[in-house]
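Chains as they are written, first to last, in our numbering: chain Y, 376 to 536; chain P, 2 to 125. Glycine is no exception: its CB is placed at the ideal position from the N, C-alpha and C atoms. Owing to the predicted nature of the structure, the values given are computational and were not obtained by experimental measurement. Notes follow the structure.
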């Protein structure tokens, strides 16, 4: 299955993704799996408007996206799948999506979150969701851009707490 | 006054304002914002705060560095605002010089045209 990266990034498609990762991994397709964006045409248009060709970009709801992955829809193109929240990722993993490794690219500052890295801030609740992902055998590596150091979130959280 | 907000990645905005002030002296009504480390909510909050300033009665131009980026997306997601807001991408020195030199003189709409025109002419 040529899904070459599962990425968790609140900004979904933005510079780090279409310039950084897509180039580095020679991705052909960017897929946002997000219910809110999929159901809001104006938002969808904004995310897709400036993806540089020849990279293709699409948006699906979580349910639709999962179905397409199971059907092998992305098998012919080097694809990056993007999630906004760890909750979304957990929901698909619990529904049988096989994920070995996730790239955590950005969860940024807001109230109630504690800083772990300049681009990783988490609430207690979010930390618990990551613990559930770890229990499912999913590795989470923090790395905002391809040239940055790759950090194992599990080791990082456990060392700090 | 027509307000200017430079919303960019990293320290680009601070750097370009610094370069501009090196040529034109200290400038009022030109705010620099960065997306570094900020969630979408926080970025919107800081942008709303800057746009909402009382002195920017005649409108605000938001200068962003790159279309499709999180800065651009944030600026685009501002809705239902009672002020005139324009978003101009590809911020460069020529367009900012034109903005500062003409904002007291031109209407909001004319200023936008002029700023875009000089910005594009600055690329040769």
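Backbone CA spacing between residue i and residue j [nearest angstrom]
i, j, result
"residue 504 (chain Y)", "residue 389 (chain Y)", "25 Å"
"residue 42 (chain P)", "residue 481 (chain Y)", "14 Å"
"residue 73 (chain P)", "residue 27 (chain P)", "26 Å"
"residue 435 (chain Y)", "residue 23 (chain P)", "48 Å"
"residue 40 (chain P)", "residue 385 (chain Y)", "8 Å"
"residue 104 (chain P)", "residue 405 (chain Y)", "40 Å"
"residue 79 (chain P)", "residue 45 (chain P)", "8 Å"
"residue 332 (chain Y)", "residue 491 (chain Y)", "Nothing about residue 332 (chain Y) can be reported from this structure: the residues present for chain Y run from 376 to 536 only."
"residue 477 (chain Y)", "residue 448 (chain Y)", "20 Å"
"residue 31 (chain P)", "residue 95 (chain P)", "15 Å"
"residue 11 (chain P)", "residue 515 (chain Y)", "25 Å"
"residue 56 (chain P)", "residue 488 (chain Y)", "34 Å"
Where the alpha helix (DSSP H) containing residue i begins and where it ends
i, result
"residue 119 (chain P)", "109-122"
"residue 402 (chain Y)", "Where residue 402 (chain Y) is concerned, there is no enclosing alpha helix (DSSP H), given that its DSSP letter is neither H nor E."
"residue 422 (chain Y)", "416-424"
"residue 522 (chain Y)", "Here residue 522 (chain Y) belongs to no alpha helix (DSSP H), and DSSP marks it neither H nor E."
"residue 395 (chain Y)", "From DSSP, residue 395 (chain Y) is part of no alpha helix (DSSP H); its letter is neither H nor E."
"residue 98 (chain P)", "94-103"
Exposed unless 16 or more other CB atoms sit within 10 angstroms - verdict on residue i
i, result
"residue 69 (chain P)", "buried"
"residue 124 (chain P)", "exposed"
"residue 19 (chain P)", "exposed"
"residue 493 (chain Y)", "exposed"
"residue 530 (chain Y)", "exposed"
"residue 451 (chain Y)", "exposed"
"residue 391 (chain Y)", "buried"
"residue 66 (chain P)", "buried"
"residue 397 (chain Y)", "buried"
"residue 459 (chain Y)", "buried"
"residue 402 (chain Y)", "buried"
"residue 497 (chain Y)", "buried"
"residue 409 (chain Y)", "buried"
"residue 475 (chain Y)", "exposed"
"residue 381 (chain Y)", "buried"
"residue 112 (chain P)", "buried"
"residue 461 (chain Y)", "buried"
"residue 414 (chain Y)", "exposed"
Start-to-end residues for the beta strand (DSSP E) that takes in residue i
i, result
"residue 66 (chain P)", "Note, residue 66 (chain P): premise wrong, no beta strand (DSSP E); not H, not E."
"residue 378 (chain Y)", "378-384"
"residue 412 (chain Y)", "Run containing residue 412 (chain Y): none in the beta strand (DSSP E); it sits in the alpha helix (DSSP H), 410-413."
"residue 35 (chain P)", "31-35"
"residue 478 (chain Y)", "476-481"
"residue 462 (chain Y)", "Element bounds for residue 462 (chain Y): not the beta strand (DSSP E) but the alpha helix (DSSP H), 461-469."
Assumed close pair residue i, residue j - CB separation to whole angstroms, cut-off 8 Å
i, j, result
"residue 38 (chain P)", "residue 484 (chain Y)", "5 Å"
"residue 412 (chain Y)", "residue 418 (chain Y)", "5 Å"
"residue 97 (chain P)", "residue 21 (chain P)", "5 Å"
"residue 464 (chain Y)", "residue 528 (chain Y)", "Not confirmed; about 12 Å, so no contact."
"residue 120 (chain P)", "residue 91 (chain P)", "6 Å"
"residue 62 (chain P)", "residue 89 (chain P)", "6 Å"
"residue 8 (chain P)", "residue 14 (chain P)", "7 Å"
"residue 383 (chain Y)", "residue 479 (chain Y)", "5 Å"
Heavy atom of the ligand COA within 8 Å of residue i beta-carbon
i, result
"residue 47 (chain P)", "No copy of the ligand COA occurs in the structure displayed, which carries no ligand at all."
Practice prompt. Name, going along the chain, the residues of the region 73-95 of chain P whose beta-carbon falls closer than 8 Å to a beta-carbon of chain Y.
Written response: 73, 74, 77, 78
Worksheet item: Listed in chain order, which residues of the region 27-52 of chain P have Cβ atoms closer than 7 Å to some Cβ of chain Y?
Response: Cβ contacts with chain Y come from 38, 39, 40, 41, 42, 43.
Worksheet entry | Against chain P: residues of the region 410-425 of chain Y by CB proximity under 8 Å | 418, 421, 422, 424, 425
Worksheet item: Which residues, in chain order, does the region 471-501 of chain Y contribute to contact with chain P at a C-beta distance below 7 Å?
Response: Across the region 471-501 of chain Y, CB contacts with chain P closer than 7 Å involve 483, 484, 485, 493, 494, in sequence order along the chain.
Discussion item. By the 9 Å beta-carbon criterion, what residues does the region 424-457 of chain Y contribute toward chain P?
Written reply: 424, 425, 426, 427
Discussion item. Using a Cβ-Cβ cutoff of 8 Å, what residues of the region 93-117 of chain P are near chain Y? List them in chain order.
Written reply: none
Worksheet entry | Short-range partners of chain Y found in the region 57-73 of chain P, where Cβ spacing is below 8 Å | Residues passing the 8 Å Cβ filter: 67, 68, 69, 70, 71, 73.
Worksheet item: Of all the residues that make up the region 380-393 of chain Y, which are near chain P by a beta-carbon distance shorter than 9 Å?
Response: 385, 386, 387, 388, 389, 390, 391, 393
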